[in-house]
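For reference, the structure discussed in these notes is given below.
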Amino acid sequence: QVQLVESGGGLVQAGGSLRLSCVVSGTIFSISGMGWYRQAPGKERELVARITSGGSTNYADSVKGRFTISRDNAKNTLYLQMDSLKPEDTAVYYCNKPALLYTWGQGTQVTVSS
138 QVQLVESGGG LVQAGGSLRL SCVVSGTIFS ISGMGWYRQA PGKERELVAR ITSGGSTNYA
198 DSVKGRFTIS RDNAKNTLYL QMDSLKPEDT AVYYCNKPAL LYTWGQGTQV TVSS
């Protein structure tokens with residue numbers, strides 16, 4: 138069974154940075170395209186960044202130029218470096234496989250204060 142365990146969230150002031158991690162188990166991570174999602178209170182979950190098995194990346198317009206997705210296949214880990222954070226980035230962040238959508242992990246809370 139695939140497990141997704143997110144970590145690295147926290148409380149940060151606007152303009153600050155955080156690095157999220159997602160450890161993936163139960164699947165062959167290295168051949169999987171992966172993505173980071175977020176869900177703000179009262180809003181639907183949205184895909185903000187994705188990375189292919191080959192390392193190509195794509196970002197939502199709202200985070201382009203501020204967030205960087207990366208992966209370490211040797212560690213079965215997905216990362217999201219978030220810089221220049223804004224209050225509107227406040228949300229619970231999740232990782233998953235966009236083409237399949239495994240059972241969601243618990244997510245990690247990111248709160249950006251103004």
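If you use our numbering, the sequence shown closes out at 251, no skipped numbers anywhere.
For each residue, glycine too, the CB sits at the ideal point set by N, CA and C.
Computed from a predicted structure; not experimentally measured.
How far does the beta strand (DSSP E) with residue i in it reach, from first residue to last?
| i | result |
| --- | --- |
| Val267 | This structure gives no information on residue 267, because the portion of the chain shown stretches from 138 to 251. |
| Glu183 | 183-188 |
| Trp173 | 171-176 |
| Tyr257 | The chain is shown only over 138 to 251; residue 257 falls outside these bounds and no answer can be derived. |
| Val229 | 228-233 |
Can you tell me whether residue i is buried or exposed? The criterion is at least 16 other CB atoms within 10 Å of its CB, across all chains shown.
| i | result |
| --- | --- |
| Glu143 | buried |
| Val237 | Residue identity differs from the one stated: residue 237 is Leu in this sequence, not Val. Classification of Leu237: exposed, given that the 10 Å Cβ count is below 16. |
| Ala211 | exposed |
| Leu148 | exposed |
| Ile168 | exposed |
DSSP state of residue i, grouped into three classes?
| i | result |
| --- | --- |
| Ser207 | strand |
| Ser193 | coil |
| Ser144 | strand |
| Ser250 | strand |
| Ile165 | coil |
Would you list the residues sitting across from residue i in a DSSP beta bridge?
| i | result |
| --- | --- |
| Leu215 | Cys159, Arg208 |
| Gln150 | Ser250 |
**Request:** Decide yes or no for the touch test of the segment 141-156 against the segment 185-202: beta carbon pairs closer than 8 Å, at least 3 of them.
**Result:** No, they do not touch.
**the segment 176-184 / the segment 202-220 touching (three or more Cβ pairs under 8 Å)** = No: the two stretches stay apart, fewer than three of their Cβ pairs being nearer than 8 Å.
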